[in-house]
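In what follows, a single structure is set out as structure tokens and then discussed.
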Amino acid sequence: MRFASFVVAVVAILSPLTLAQATNYSDMPPVLLGASWYPEQWPESQWDTDLSRMEAAHIHVVRVGEFAWSTMEPTEGQYNFDWLEHAIDLAAKHHICVVLGTPTAGPPAWLTEKYLETLRVDENGMRDEHGNRQQFSFADAKYRELAHDIAERMAERFGHNPNVVGWQLDNEYANPSFDPEAKAQFHAWLKKKYRTIDNLNYQWATAYWSQTYNDFDQIPVREDNENPALLLDWKRFVSDTWKSYSENQISAIRPHADPRQFITTNTMGWFDGFDEYTVHSVLDIAAWDDYIDSDHYDYIDNGARHDLTRGFKQKNFWVMETEPAFVDWRSTNTPLLKGQVRDMAWQAIGHGADTVEYWQWRANRNGQEQYHGVLVGIDGNPAPVYSEVQQVGAEFDKTGAALEGTSPHSEVAVIQSYDSRWAIEFQQHSAKFDPVKELLAFYKPLREQSQAVDIVSPDARLDRYKVVVAPALNMLPQAMADHLIAYVKQGGHLVLGPRTGLKDEYSALNPQRQPGPLVNLLGGSVTQFYALDYDVPVSGAEGSGTANIWAETLEATNPETKVLMRYGASNGWLDGQPAVLEREVGEGTITYVGAWLDPELMNKLTATWLERAGVKPIVANVPDGVEVCERTGDGKTVLILINHNTTPAQVTLPGEMTDLLHGGSAASVDLEKYGVAVLEK
Ligand code: GLA
């Protein structure tokens, strides 16, 4: 191997494990507090006051520009970037660096008026009118040309600005378009994949309901109520199209940008409109917008979404937006409780974020989001949450040196597959079977007991994990099965959840029944699945409890395969049938859990899986509701403890540690309600 290609190979192997420190600029702090700032909405005379208040809150980064197209290019071909340059320069004077957003989520009126074809078309053929935002077609060639142009002009001007540390493409990619161009591209995509229409007809089994096609152009484009093979390929096409949408802008920015400037986009947690792993294959780091999923902060769900985002690039990430106490888009926009904003900020760092940015800095004078939480009000004076965020900023500054070069490391992985989530969503069979909730049913006890879990794509490297759990890997083609078989054979402990292995990569049923190409390794299979709306008793050596929502009857066909749990008396079909199978394979094991089990039983089973694999908690005997996060690297170990409870808690540490927030050292810490401790070994 020539040296150059050896270096490339080594970098490719190492890169998933390397860190994305907050910025690649050594003069910027390693952990950054930030906010979304919209200088285009304010007279320049007010910027300095805003930036001074940011500086006083220890804000070191602002995201700017992502909705400012009409200010950057007020009419076609007339560019105005002077204001942006002034804003960036003034921010630098306040020691605040900038992430520039390309403004393509908000096309200006002149654009959509002149180029009607750039407007998005919905599934029912309705073309968007100008207004609101995100009204563009992600596939339209003209839109891409215009997006490329504005991104390139920004990069020419700011690609070497030392105060611009990175780029955010667009904003929260979301809806596909069903315009004629997108449909034609989908047909071409299918043709490239299947080569002949006969092959597509075979893989999709189109004899069903007379769906046989004579030509690719006849294929309808739908998001639901269709052949699941078609729906799946549409989602994959949408993923590839968002990827090429990104590449279009990357090709405009990269040639003009300092290599230290990263390129990313901001994602939305569990959102599965497309495959984030596909889109992230062309991005430098992952970044997400952390808004709590329900009316109240569920720290397990929120932590899992951090872990999901970390898994997109398998390295540290950014929180590009988070809520300063409340948002404006829920039915009742209740605030986080006092103290929880700080709690959430530290949870982000604990799970591997290197930056936490609030949306937004200052209340808009007008526009759709006047009620949203902010750090300063319309008058530019601090909102009540400002002082809590200021405290966070001071703490980030204090702990940055210790956190530099560190990241979370896990011995346990949970596999998350968009193909499988879509396959289940297309044919839920039980309205209560939400693949994310089912993933969380496995994740929660794993996280609580091991205190560190990676959420990864099915093709991630697995040999570094002691336990790998695939909650509902519904789509399990042979190549993916081979990857899992190799993991078990080298001594890994693999746990499969219900609905695993039903389908192949074309969404066709696997001929072996579940778990498809893992039937031989397991030495058993699923004889039948059942949707449930009542509790079914389940018991075995590890304990007893109940199943609900989903239960599969299993059958062991290999004498080495053990039945670990059985269903009790219920609907007749399940009575006495195996519910959990397990087989030892050399040093490794494969376990199949055929039902959605209650949390207590999941706790017990999880304890046996972790114990067998030698996975221990980072800190033992921690009170319920206290979260333990560990970041290691560069010879350092930093513990972040967060008390999510409304009552105080005490934690005994594994040994004497330095208290980075309060100074001194201690072997135990007292945490007040929503209290945080940051400790170094
Ligand atoms: C999203 C968007 C922001 C803003 C916030 C409000 O995350 O990216 O522009 O609208 O929501 O919560």
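In terms of the working numbering, the sequence shown is residues 411 to 1091. Here a beta-carbon is modelled for each residue, glycine too, at the ideal position from N, C-alpha and C. Source: prediction; values computed, not measured.
Val866 - partner residues in DSSP beta bridges
Translated into positions along the sequence shown, residue 866 becomes position 456. Per DSSP, Ile825.
Decide if Pro868 is buried, meaning its Cβ has at least 16 other Cβ atoms within 10 Å, or exposed.
By 1-based counting over the sequence shown, the position of residue 868 is 458. Buried.
Can you look up Ser661 in the DSSP assignment and give me helix, strand or coil?
Looking up residue 661 in the sequence shown gives position 251. The answer is helix: DSSP assigns Ser661 an H, G or I state.
Do you know offhand how far Gly907's Cα is from Ser830's?
Translated into the one-based positions of the sequence shown, residue 907 becomes position 497. Translated into the one-based positions of the sequence shown, residue 830 becomes position 420. Per the coordinates, the alpha-carbon of Gly907 lies some 12 Å from the alpha-carbon of Ser830.
Whose C-alpha, out of Gly475, Leu919 and Val784, is nearest the C-alpha of Val508?
Within the sequence shown, the letter at position 98 stands for residue 508. When only C-alpha atoms are compared, the closest one is Gly475.
So, are the CB atoms of Leu718 and Ala735 less than 8 Å apart?
Here the question's residue 718 lines up with position 308 in the sequence shown. Here the question's residue 735 lines up with position 325 in the sequence shown. No, the pair does not count as a contact, with Cβ atoms beyond the cut-off.
Can we say the segment 829-846 touches the segment 689-696, given the rule of at least three CB pairs closer than 8 Å?
no
Between Leu919 and Leu912, how many whole angstroms is the CB-CB distance? I'm expecting something under 8 Å.
Start at 1 with the first residue of the sequence shown, and residue 919 comes out as number 509. Start at 1 with the first residue of the sequence shown, and residue 912 comes out as number 502. Confirmed, about 6 Å.
Classify Pro586 as buried or exposed, calling it buried when 16 or more other Cβ atoms lie within 10 Å of its own Cβ.
Position 176 of the sequence shown, counted from the first residue, corresponds to residue 586. With 16 or more other Cβ atoms within 10 Å, it is buried.
Give a yes or no on whether the C-beta atoms belonging to His666 and Glu527 are separated by under 8 Å.
If you number the sequence shown from 1, residue 666 lands on position 256. If you number the sequence shown from 1, residue 527 lands on position 117. Contact: no.
At what residues does the beta strand (DSSP E) containing Tyr618 begin and finish?
For the purposes of this step, residue 618 is taken as the residue at position 208 of the sequence shown. No beta strand (DSSP E) holds Tyr618; DSSP gives it neither H nor E.
Pick helix, strand or coil for Arg772, following the three-state DSSP scheme.
In the sequence shown, counting from the first residue as 1, residue 772 sits at position 362. Three-state DSSP puts Arg772 in a strand.
Where Asn968 falls: helix, strand or coil (DSSP)
Along the sequence shown, one-based indexing puts residue 968 at 558. Coil, per DSSP.
Do you know offhand how far Tyr1002's Cα is from Lys603's?
In the sequence shown, the residue the question calls residue 1002 occupies position 592. In the sequence shown, the residue the question calls residue 603 occupies position 193. Roughly 33 Å between the two C-alpha positions.
Given Asp538, which residues of its chain have a CB within under 7 Å of its CB, disregarding the five upstream and five downstream residues?
As a first step, residue 538 must be located in the sequence shown, where it is residue number 128. Result list for Asp538: Leu529, Arg530 and Gln545, in chain order.
CB Leu579 to CB Ile673, shorter than 8 Å?
One-based indexing of the sequence shown puts residue 579 at position 169. One-based indexing of the sequence shown puts residue 673 at position 263. It is a contact, given that the beta carbons lie within the stated cut-off.
Could you spell out where the alpha helix (DSSP H) holding Trp520 opens and where it closes?
Taking the sequence shown and counting its residues from 1, one reaches residue 520 at position 110. Its alpha helix (DSSP H) spans residues Ala519 to Lys524.
Does DSSP put Asp559 in a helix, in a strand, or in coil?
Taking the first residue of the sequence shown as 1, we reach residue 559 at position 149. Reduced to three states, the DSSP call for Asp559 is helix.
Beta strand (DSSP E) segment containing Lys1046, residue limits:
By 1-based counting over the sequence shown, the position of residue 1046 is 636. Lys1046 to Asn1053 is the span of the beta strand (DSSP E), which, as asked, contains Lys1046.
Minimum C-alpha distance to Ser860 - residue among Tyr448, Pro484, Ala549 and Ile1028
Within the sequence shown, numbered from 1, the residue matching residue 860 stands at position 450. For Ser860, the nearest C-alpha among the options comes from Ile1028.
So, with DSSP's three-state summary, where would you put Glu1082?
Position 672 of the sequence shown, counted from the start, is the residue given in the question as residue 1082. If DSSP states are grouped into helix, strand and coil, Glu1082 belongs with coil.
In three-state DSSP terms, what is Met482?
Walking along the sequence shown from the start, residue 482 turns up at place 72. It is helical.
Just reading off the beta strand (DSSP E) that Asp403 is part of, what are its end residues?
The structure shown does not extend to residue 403, since the chain is modelled only from 411 through 1091, so no value can be given for it.
Between Glu582 and ligand 1, is the CB less than 7 Å from at least one heavy atom?
Looking up residue 582 in the sequence shown gives position 172. Yes, Cβ of Glu582 sits closer than 7 Å to a heavy atom of ligand 1.
Short of 6 Å in beta carbon distance, which residues of its chain neighbour Val648, apart from the five on each side in sequence? Order them along the chain.
Translated into the one-based positions of the sequence shown, residue 648 becomes position 238. Once the five neighbours on either side are set aside, the close Cβ partners of Val648 are Pro586 and Phe684.
C-alpha distance - Pro518 paired with Gln628, whole-angstrom precision:
Numbered from 1 along the sequence shown, position 108 holds the residue referred to as residue 518. Numbered from 1 along the sequence shown, position 218 holds the residue referred to as residue 628. Cα to Cα, the separation comes out at about 35 Å.
Is it the case that the CB of Trp652 approaches a heavy atom of ligand 1 more closely than 7 Å?
As a working mapping, residue 652 is identified with position 242 in the sequence shown. No, the beta carbon of Trp652 sits no closer than 7 Å to any heavy atom of ligand 1.
DSSP beta-bridge partners for Glu994?
Mapped onto the sequence shown, residue 994 falls at position 584. Glu994 pairs with Thr999.
Span of the beta strand (DSSP E) holding Ala1059?
As a first step, residue 1059 is located in the sequence shown; it is residue number 649 there, counting from the start. Where Ala1059 is concerned, the enclosing beta strand (DSSP E) stretches over Ala1059 to Asp1069.
Identity of the residue in Tyr612, Asp699 and Gly721 nearest Ala688 by Cα
Within the sequence shown, residue 688 is the residue found at index 278, counting from 1. The question names Ala, yet the displayed sequence has Thr at residue 688. Measuring from the Cα of Thr688, the nearest candidate turns out to be Gly721.
Own chain partners of Gln924 with C-beta closer than 8 Å, once the 5 adjacent residues on each side are dropped
The residue given as residue 924 occupies position 514 in the sequence shown. Result list for Gln924: Arg909, Thr910, Gly911, Leu912, Ser935, Val936, Phe939 and Glu962, in chain order.
Enclosing beta strand (DSSP E) for Thr719 [first to last residue]
Locating residue 719 in the sequence shown gives position 309, counting from the first residue. No beta strand (DSSP E) holds Thr719; the alpha helix (DSSP H) holding it covers Tyr709 to Lys723.
Would the C-beta of Tyr655 count as close to ligand 1, meaning under 7 Å from any of its heavy atoms?
Position 245 of the sequence shown, counting from 1, holds the residue named residue 655. Checking the Cβ of Tyr655 against ligand 1 gives no.
Does the beta-carbon of Ser462 have 16 or more other beta-carbons within 10 angstroms, so that it is buried, or is it exposed?
For this step, residue 462 is matched to residue 52 along the sequence shown. Per the 10 Å Cβ criterion, exposed.
Starting from the C-beta of Ala941, find all residues in its chain whose C-beta is less than 6 Å away, skip the five residues before and the five after it, and write them out in chain order.
Within the sequence shown, numbered from 1, the residue matching residue 941 stands at position 531. Within the same chain, Ala941 has close Cβ partners His839 and Ser840.
Short Cβ contact (8 Å threshold) for Met730 with Asp699
If you number the sequence shown from 1, residue 730 lands on position 320. If you number the sequence shown from 1, residue 699 lands on position 289. A contact, by the Cβ cut-off of 8 Å.
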